[in-house]
Amino acid sequence: MTNTPASADYWEPLWAGGRRYRRVSSAEAELLADHLGPGRGRPALDIGTGDGALARRLHRLGYRTTGIDFAPSAVAAARRDRADDGPSWQLMDFAADDLGGLRDPAYAVVACRLVYRWLDDKPAFLDRVRRILAPGGVFWVVTEIAGRRDSGDPSRHLGITAAEAETLTARWSVVRTADLDVLRCYALHP
């Protein structure tokens, strides 16, 4: 049993206990639409989908969306709010499981929202994303940036560091960013 922030053992009790996380704001949804455009039935993957909020946004943009999470209670929460024609949901640990188990072999959009900072092996995760991102695709990342909260806030250091941001943005041909308070949105193109 591994109880680190990058494990299901850590997140499962939080989701099972009813914990929920920052909602997708209208400003974030607008940035998502501006950077990704209409889906036109192309596949999208939401890694660490949680309650499925981002996956549903992608679906509303016209993407054929799959939301994955390694916490069974998170996937159950996403399924509870699922419309018959909405995203599909899958229990999966993206960092460890066989990527052949995904619904599609390649995705026009791969997204991870409020997930990246918790990953133990960020370079390996990014390599896996590149393996499934379709040519011309977009890797959409929303993450908190360390040091953006007030100096007295105990959560001040929870975001990614400048070095982790460099790891995230290296090896992409196009990097677009937009800031939302403590969050930064990245649209990364191969």
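All residue numbers for the sequence shown refer to UniProt numbering, where the first residue is 1 and numbers rise by one.
Virtual Cβ for every residue (Gly too), placed ideally from N, Cα, C.
Asked: Could you work out which residue in G62, A146, A77, R60 is closest to I68 when comparing CA atoms only?; Found: A77
Asked: Under 8 Å, do A124 and Y107 count as touching if we go by C-beta distance?; Found: no
Asked: Looking at the unbroken beta strand (DSSP E) that takes in S88, where does it start and where does it end?; Found: 88 to 91
Asked: From this set, P38, P43, A95, which residue's C-alpha is nearest A8's C-alpha?; Found: A95
Asked: Candidates A170, P5, L36: which alpha carbon is nearest G48's?; Found: P5
Asked: Return yes when the Cβ of L180 is within less than 8 Å of the Cβ of A27, no when it is not.; Found: yes
Asked: Can D9 be considered in contact with the ligand MN, in the sense that its beta carbon sits closer than 7 Å to one or more heavy atoms?; Found: As for the ligand MN, it is missing from this structure, which has no ligand bound.
Asked: With DSSP run on the structure shown, which of helix, strand or coil describes L158?; Found: coil
Asked: Going straight from the alpha carbon of D51 to that of R79, what length do you get?; Found: 8 Å
Asked: Kindly identify the DSSP beta-bridge partner or partners of E164.; Found: According to DSSP, E164 bridges with nothing at all.
Asked: Going by the beta-carbon positions, is the gap between G188 and V142 smaller than 8 Å?; Found: Looking at the sequence provided, one finds Leu at residue 188 rather than Gly. Cβ distance not < 8 Å, so L188 and V142 don't count as in contact.
Asked: Select from C112, R128, R20 the residue whose C-alpha is nearest the C-alpha of E144.; Found: C112
Asked: I'd like to know whether the C-beta atoms of L168 and Y186 end up nearer to each other than 8 Å.; Found: yes
Asked: In this structure, does DSSP put R176 in helix, strand or coil?; Found: strand
Asked: Please report how far the alpha carbon of S173 lies from the alpha carbon of P190, in whole angstroms.; Found: 5 Å
Asked: Nearest CA to the CA of V24: which residue from L58, L45, P43?; Found: L58
Asked: For Y21, tell me which candidate among P87, L31, A74 has the shortest Cα-Cα distance.; Found: A74
Asked: Counting only runs of 3+ residues fully inside the segment 95 to 146, write out the beta strand (DSSP E) ranges in chain order.; Found: 107 to 113, 133 to 144
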